[in-house]
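Q: Taking numbering that gives the first Met the number 0, I'd label the letters of the sequence shown as residues 0 to 377.
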Amino acid sequence: MTARHRAAEVHGRAIVIDGHNDLPWRLRIEFESSFDRFDLAARHADGHTDIPRLREGGVAAQVFAAFVPSDYAGRGAARVALEQIDLVKRLVARYPDFELARSAADVRRIAEGGKIAALIAVEGGHTIENSLAVLRAFAELGARYLTLTHLSNTDWADSATDEPRHGGLTEFGRAVVREMNRTGLLVDISHVSAATMADALEVSEAPVIASHSGALAVNDHARNVPDEILRRVAENGGLVMVNFFPGFIVPEAAETVRDLLRVERELRAKHGDDDAVLEKAARAWWAEHPIPRGNVGHVVDHIDHIVQVAGVDHVGLGSDFDGVPQVPEGLEDVSKFPAITGELVARGYSEAEINKILGGNFLRVLARAEDVARRLGA
Ligand SMILES: [Zn+2]
0 MTARHRAAEV
10 HGRAIVIDGH
20 NDLPWRLRIE
30 FESSFDRFDL
40 AARHADGHTD
50 IPRLREGGVA
60 AQVFAAFVPS
70 DYAGRGAARV
80 ALEQIDLVKR
90 LVARYPDFEL
100 ARSAADVRRI
110 AEGGKIAALI
120 AVEGGHTIEN
130 SLAVLRAFAE
140 LGARYLTLTH
150 LSNTDWADSA
160 TDEPRHGGLT
170 EFGRAVVREM
180 NRTGLLVDIS
190 HVSAATMADA
200 LEVSEAPVIA
210 SHSGALAVND
220 HARNVPDEIL
230 RRVAENGGLV
240 MVNFFPGFIV
250 PEAAETVRDL
260 LRVERELRAK
270 HGDDDAVLEK
280 AARAWWAEHP
290 IPRGNVGHVV
300 DHIDHIVQVA
310 GVDHVGLGSD
320 FDGVPQVPEG
330 LEDVSKFPAI
340 TGELVARGYS
350 EAEINKILGG
360 NFLRVLARAE
370 DVARRLGA
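1. Using three-state DSSP, classify Arg173 as helix, strand or coil.
2. Give the straight-line distance between the Cα atoms of Leu357 and Gly317, rounded to the nearest whole angstrom.
3. If you check the beta carbons only, do Gly46 and Asp274 fall under 7 angstroms apart?
4. Please give the ranges of any alpha helix (DSSP H) in the stretch 253 to 340, keeping only runs that are unbroken, at least 4 residues long and fully inside the region.
5. Quick one: give me the first and last residue of the alpha helix (DSSP H) that Glu66 is part of.
6. Provide the residue span of the alpha helix (DSSP H) that contains Met196, from first to last.
7. How would you call Pro327, buried or exposed, if buried means at least 16 neighbouring beta carbons within 10 angstroms?
8. Taking one C-beta from the stretch 50 to 58 and one from the stretch 99 to 110 each time, how about it: are there three or more such pairs within less than 8 angstroms?
9. Quick one: is Pro289 buried, meaning 16 or more other Cβ sit within 10 Å of its Cβ, or exposed?
10. Determine the closest residue to Gly124 out of Ala65, Ala116 and Leu365, with distance taken between C-alpha atoms.
11. Secondary structure at Val121, three-state DSSP: helix, strand or coil?
12. Which residue from Met0, Gly11 and Thr1 puts its Cα closest to that of Asn354?
13. Looking at the secondary structure, which residues open and close the beta strand (DSSP E) in which Val239 lies?
14. Expressed to the nearest angstrom, what Euclidean distance is found between the alpha-carbon atoms of Leu39 and Asn218?
15. Does the distance from the CB of Thr126 to the CB of Ala77 come in under 7 angstroms?
16. Provide the residue(s) that pair with Phe97 in DSSP beta bridges, ordered along the chain.
17. Cα separation between Asp370 and Trp155?
18. Return the Cβ separation of Leu118 and Arg89 in integer angstroms, given the expectation that the two are a contact with Cβ distance under 8 angstroms.
19. Would you identify the three-state DSSP class for Ser158, choosing helix, strand or coil?
20. What do you get for Glu263, buried or exposed, if any count of 16 or more other CB atoms within 10 angstroms of its CB means buried?
21. Using CA atoms only, rank isn't needed, just tell me which of Thr146, Val175 and Ala174 is closest to Asp187.
22. Mind the definition here: the stretch 8 to 27 touches the stretch 246 to 256 only if three or more C-beta pairs lie below 8 angstroms; say whether that holds.
23. Going straight from the alpha carbon of Glu162 to that of Pro95, what length do you get?
24. Taking all protein chains shown into account, decide if Ser130 is buried (16 or more other Cβ within 10 angstroms of its Cβ) or exposed.
25. Looking at the secondary structure, which residues open and close the beta strand (DSSP E) in which Arg143 lies?
26. Can you name, in chain order, every residue of its own chain whose Cβ lies under 7 angstroms from the Cβ of Ala37, other than the five neighbours on each side?
27. Name the residue from Glu350, Val241, Asp21 and His297 whose alpha carbon lies nearest to the alpha carbon of Ile84.
28. Just to confirm, is the Cβ distance from Thr153 to His190 under 7 angstroms?
29. Under the rule that 16 or more other beta-carbon atoms within 10 Å means buried, what is Gly428, buried or exposed?
30. Using 8 angstroms as the threshold, is the stretch 225 to 237 in touch with the stretch 303 to 313, meaning 3 or more CB pairs across them?
31. For Glu139, does the count of other Cβ atoms within 10 angstroms reach 16, so buried, or fall short, so exposed?
32. Closer than 6 angstroms by C-beta to Lys269: which residues in its own chain qualify, once you throw out the five before and the five after it? Chain order, please.
33. Taking the alpha-carbon positions, what's the Leu238 to Arg367 distance?
34. Might you give, ordered along the chain, the residues of its own chain that have their beta carbon closer than 6 angstroms to the beta carbon of Glu352, omitting 5 neighbours on each side?
35. Just confirm the distance between the C-beta atoms of Arg102 and Leu260, as a whole number of angstroms; I'd bet it's less than 8 angstroms.
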């Protein structure tokens, strides 16, 4: 059997789970959140995600982010998150290829039945509008993780890409983490500062995830996870799901993408608050600031590093498809997940290890968070 065949077989037997996809935001700003305007059942030449390509990629479960830019803090952030949760629910209602998953058992059952499990996440802690009641409502609607910040600090947590204001989590931020444990929402430390990561790990009784982050030692961007945090994620039983964005994975690209928040603020100052206009302006900015694309090997370099520092039980995939302006060669869209498996096979990973990386670790973490929530009494 050729290596390619073996990789295809291993991939076909695995439960492949991607931890972060921004399709809802793309549909919102480019297609008025309308499936009549962007039919997911058709194969598209643009964008990164549709049903035919998810099928080709062997994706068993896709986490869809209800992403809300930091700038919505104090002006309807919860509403924007709710509208995108609604969009994921409409997606599941419209397309029989999908079923909504709220638990690890749901994911296994749905995958076994040949459908794609859709999971909801909320990206950006400002969406709870400083209210634990809103957080609980997100959990009740089926959200499975909350990313504590986006590019800016929230009132209770520092972001990796903003000036430190709280030195990590405030007292309320700690209460948010405890409430997430109680309601079974995973604590997502992607986008947050290292101090916030450390505080979240100190407070959380459930495993913590980074839903779409790389290793800082491989690419020196503050958005990535430092080695000392990787070791603590391992002790905590958690998981770092590796982002595919070249800016965060290719070492030579780190410098160009260092000031993402400053760039976002400048674009807003210049173009106002219309998200579609901003998206166009951002695309123009990226066109003027080219970064090396990298390839599947760069993504697996991050996986290798996390395996070395934290262990193979603590790494997964969080592509960030449809949320990034550039993707690596060979990882153009959701149909290309088998390329990751091919590279893992080529680097000597066993099938058992590959199963963990592709999705097994995420299922373990999800199930453990459900146990913690039951114990704490949701
Ligand atoms: Zn993100």
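Positions of the beta carbon are idealized from the N, C-alpha and C atoms, including for glycine.
A: By the coordinates alone:
1. Residue mapping note: residue 173 aligns to position 174 of the sequence shown, counting from 1. Reduced to three states, the DSSP call for Arg173 is helix.
2. Residue mapping note: residue 357 aligns to position 358 of the sequence shown, counting from 1. Residue mapping note: residue 317 aligns to position 318 of the sequence shown, counting from 1. So the two alpha carbons sit approximately 10 angstroms from each other.
3. For the purposes of this step, residue 46 is identified with residue 47 of the sequence shown, where counting begins at 1. For the purposes of this step, residue 274 is identified with residue 275 of the sequence shown, where counting begins at 1. Going by C-beta atoms, Gly46 is not nearer than 7 angstroms to Asp274.
4. 259 to 270, 274 to 287 and 295 to 308
5. Taking the sequence shown and counting its residues from 1, the one referred to as residue 66 is at position 67. The question names Glu, yet the displayed sequence has Phe at residue 66. Unbroken run through Phe66 is the beta strand (DSSP E), Val58 to Phe66; no alpha helix (DSSP H).
6. Position 197 of the sequence shown holds residue 196. Its alpha helix (DSSP H) spans residues Ala193 to Val202.
7. As a working mapping, residue 327 is identified with position 328 in the sequence shown. Classification for Pro327: buried.
8. With the cut-off at 8 angstroms, the stretch 50 to 58 and the stretch 99 to 110 do not touch.
9. As a working mapping, residue 289 is identified with position 290 in the sequence shown. Burial call: exposed.
10. To locate residue 124, count along the sequence shown from 1; it is residue 125. Ranking Ala65, Ala116 and Leu365 by Cα distance to Gly124 puts Ala65 first.
11. Start at 1 with the first residue of the sequence shown, and residue 121 comes out as number 122. If DSSP states are grouped into helix, strand and coil, Val121 belongs with the strands.
12. Taking the first residue of the sequence shown as position 1, residue 354 is located at position 355. It is Gly11 whose Cα lies nearest to the Cα of Asn354.
13. Here the question's residue 239 lines up with position 240 in the sequence shown. Its beta strand (DSSP E) spans residues Leu238 to Val241.
14. Numbered from its first residue, the sequence shown carries residue 39 at position 40. Numbered from its first residue, the sequence shown carries residue 218 at position 219. Whole-angstrom Cα-Cα distance: 34 angstroms.
15. As a position in the sequence shown, residue 126 is number 127, starting the count at 1. As a position in the sequence shown, residue 77 is number 78, starting the count at 1. Taking 7 angstroms as the Cβ cut-off, Thr126 and Ala77 qualify as a contacting pair.
16. Position 98 of the sequence shown, counted from the start, is the residue given in the question as residue 97. Phe97 pairs with Ile115.
17. Counting from 1 along the sequence shown, the entry for residue 370 is found at position 371. Counting from 1 along the sequence shown, the entry for residue 155 is found at position 156. Roughly 27 angstroms between the two C-alpha positions.
18. The residue given as residue 118 occupies position 119 in the sequence shown. The residue given as residue 89 occupies position 90 in the sequence shown. 15 angstroms between Cβ atoms; not a contact.
19. Taking the first residue of the sequence shown as 1, we reach residue 158 at position 159. It is a strand residue.
20. Here residue 263 corresponds to residue number 264 of the sequence shown, with the count starting at 1. Burial call: buried.
21. Stepping through the sequence shown from its first residue, residue 187 is reached at position 188. That would be Thr146, whose Cα lies nearest to the Cα of Asp187.
22. Contact between the stretch 8 to 27 and the stretch 246 to 256 is absent, because fewer than three Cβ pairs lie under 8 angstroms.
23. Counting from one through the sequence shown, the residue named residue 162 turns up at place 163. Counting from one through the sequence shown, the residue named residue 95 turns up at place 96. Answer to the nearest angstrom: the Cα atoms are 45 angstroms apart.
24. Residue mapping note: residue 130 aligns to position 131 of the sequence shown, counting from 1. Counting Cβ neighbours within 10 Å, Ser130 comes out exposed, since fewer than 16 surround it.
25. Within the sequence shown, the letter at position 144 stands for residue 143. Start and end: Ala142 to Thr146.
26. Along the sequence shown, read from residue 1 onward, the residue named residue 37 stands at position 38. Note on identity: in this sequence residue 37 is Phe, with Ala being the wrong assignment. Sequence-distant Cβ neighbours of Phe37 in its own chain, meaning closer than 7 angstroms and more than five residues away, are Leu26 and Phe30.
27. For this step, residue 84 is matched to residue 85 along the sequence shown. The candidate whose alpha carbon is nearest that of Ile84 is Asp21.
28. Position 154 of the sequence shown holds residue 153. Position 191 of the sequence shown holds residue 190. Inclusion of Thr153 and His190 in the CB contact set at 7 angstroms is not warranted, their separation being larger than that value.
29. Residue 428 is absent from the structure shown; the chain starts at 0 and stops at 377.
30. yes
31. One-based indexing of the sequence shown puts residue 139 at position 140. Glu139 is exposed by the Cβ-count criterion.
32. To locate residue 269, count along the sequence shown from 1; it is residue 270. Answer for Lys269: no residue qualifies.
33. Position 239 of the sequence shown, counted from the first residue, corresponds to residue 238. Position 368 of the sequence shown, counted from the first residue, corresponds to residue 367. Between Leu238 and Arg367, the C-alpha separation is close to 12 angstroms.
34. The residue you call residue 352 lines up with position 353 of the sequence shown. Same-chain partners within the cutoff: Val311.
35. Along the sequence shown, one-based indexing puts residue 102 at 103. Along the sequence shown, one-based indexing puts residue 260 at 261. Reading off the sequence shown, one finds Ser at residue 102, where the question assumed Arg. About 35 angstroms; that fails the 8 angstroms criterion.
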